[in-house]
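This report refers to the structure that appears directly beneath it.
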Amino acid sequence: MNMQVAKNTVVTLDYSVTDPDGDLVDAGQEPLVYLHGGYDDIFPLIEEAVQGKAIGQSVIVKMQPDDAFGEYDAALVQVEPRSQFPQELQVGMQFEGVAEGADDDDEEDVLIYRVTEIADDQVVLDGNHPLAGMALVFTCTVTDIRPATAEEILHGHMHDDGCDDDD
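Counting in our numbering, the sequence shown runs from 7 upward without gaps.
This is the structure:
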């Protein structure tokens, strides 16, 4: 039986991501496995592109920043006193933080801030995704398709084998 990517299938994609000039951004060492069908498990543009594809078929999806990781937001760059950080601090380390001026609907937006610069007594943190502001080209090949389980559909995401999370 030749399955096709459709709603409520779990799809495995081998993928790579380049910038518009063809420079590799993400080699996709681990395949991408997601629940297909509008569950926000993957970028909508990619989901649209692989809809109806069969195993072995490839798609190339060109995405503007808005379709991918968003525009670069200078407001997410913060300078904090060096004293607030652990002694062993390196550029590239990541910290969770709450965005200042987060929406008032009580759900604080937790962001991952990357250390981008360390000065004598100050640390520069960037809450933007490393790929924010970039147009990206996703090249992916469907390598596996299976029907989702009822539980996966209920939870809206795929489960690893042997996973029994109680959400």
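All C-beta atoms in this analysis are idealised placements derived from N, C-alpha and C, irrespective of residue type, glycine included.
- Item | With 16 other Cβ atoms within 10 Å as the buried cut-off, status of Asn8 | exposed
- Can you tell me the Cβ-Cβ gap for Val148 and Ala81, rounded? I've got them flagged as a contact below 8 Å. Rounded, the Cβ-Cβ distance is 38 Å, inconsistent with contact.
- Item | C-alpha distance - Asn134 paired with Asp27, whole-angstrom precision | 22 Å
- Thinking just about the alpha-carbon of each residue, which of Leu142, Asp127 and Gln70 is nearest to the one in Leu30? Leu142
- Query: Where does Leu51 sit, in a helix, a strand or coil, going by DSSP?
  - Reply: helix
- Query: According to DSSP, is Ile124 helix, strand or coil?
  - Reply: strand
- Task: Helix, strand or coil for Asp150, going by three-state DSSP, please let me know.
- Result: strand
- Item | Integer Cβ distance of Gly139 from Pro71, believed to fall under 8 Å | 5 Å
- Task: Give the DSSP-derived three-state secondary structure of Asp72 in the structure shown.
- Result: helix
- Query: Quick one, are the C-beta atoms of Val129 and Glu102 less than 8 Å apart?
  - Reply: no
- Message: Less than 8 Å between the beta carbons of Val23 and Val17, yes or no?
- Response: no
- Task: Can you say whether Ile48 is buried or exposed, counting buried as having 16 or more other CB atoms within 10 angstroms of its CB?
- Result: buried
- Item | Selection from Val83, Lys13 and Ser64 that minimises the alpha carbon distance to Cys40 | A small fix is needed here, since residue 40 is Tyr in this sequence, not Cys. The option with the nearest alpha carbon to Tyr40 is Lys13.
- Task: Out of Ile52, Asp150 and Phe91, point me to the one whose CA is closest to Glu123's CA.
- Result: Phe91
- Compare the C-alpha of Asp166 against each of Leu38, Asp32 and Asp20 and name the closest. Leu38
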